[in-house]
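Numbering (mature numbering (1 follows the signal peptide of the UniProt record, and there is no 0)), first residue to last: -24 to -1, 1 to 179.
Idealized CB from N, CA, C, for every residue including glycine.
Because the structure is a prediction, the values reported are computed rather than measured.
What follows is a single structure, written as structure tokens, with notes after it.
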Amino acid sequence: MKSTSLFAIFLLCAFTSYLPSATAQDVLDVDGDPIRNGFIYYVLPAIRGNGGGIERAALGKDTCPITVVQSPNPNSKGLEIKFESAYPAYYINETLILQIKFSYPQQCERKNPWWAISKDISEGPPAIKLSGFHGTEIGWFKIQKASKSCDSNDYKLVFCQYDETWCLDVGIYVDRQGNRRLVLAVTGEPFLVHFHKISSSTA
């Protein structure tokens, strides 16, 4: 109960409003092609050097690799990631609500869970974890352009509560062990990413 109360206070203090755009643009991959609903991609940092693609790890009290992290290897593409919306849209735009998951489950998972957030803030800001495990809260994700520049394909992931009363950018938090966790970026900068087709030669 104490952890849940702290989590609620934490989010209240970090509240940010979000107004969806009436002129939403399609989200583009590094080749300039629209991201397709239900397809899988590599998600790599827009700024290279501090790490590679996105993967999962068993951290802290995890009994299964359920924490979403950035690979410490700058040459790693990470794991294949699926973006899916329940809306019958062929392409994903910047206002479309999404669920995100790794393309392939692990043996310790009873099913292939979607991404969620952890309500435990004892180890830092609320971390992105796999749903279906104790202490996680599900919601929606969105992909938004990080810059108004037409020449930039830098994007950020945004997590929203189910009723979209609040939304927060997803950023990187480096814990005491050096793990680069994906978290709600309450005070820090968003994690800027590019989307690469699985067969893309630029990944």
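Restricting to Cα atoms, I'd like to know which of K132, V44 and A122 is closest to P89. V44
Are the Cβ atoms of V150 and V19 separated by less than 8 Å? no
If contacts are defined as beta-carbon pairs under 8 Å, then E70 and Q120 qualify, I think. What distance do you get, rounded to the angstrom? For E70 against Q120, the beta-carbon gap comes to about 5 Å, under 8 Å, which counts as contact.
Give me whichever residues DSSP pairs with A103 in a beta bridge. V159
Alpha helix (DSSP H) runs wholly inside the segment 5 to 83, at least 4 long, in chain order: none
Quick check: the segment 151 to 159 against the segment 35 to 49, are at least 3 beta-carbon pairs closer than 8 Å? yes
Give every residue of the same chain whose Cβ lies closer than 8 Å to the Cβ of P50, excluding the five residues on either side of it in the sequence, and list them in chain order. R24, G25, N26, G27 and G28
N- and C-terminal bounds of the beta strand (DSSP E) containing K135: Lys is not the amino acid found at residue 135; the sequence shown has Phe there. F135 -> beta strand (DSSP E) spans Y131 to C136.
Using the Cβ count rule (16 or more neighbours within 10 Å means buried), how would you classify A62? exposed
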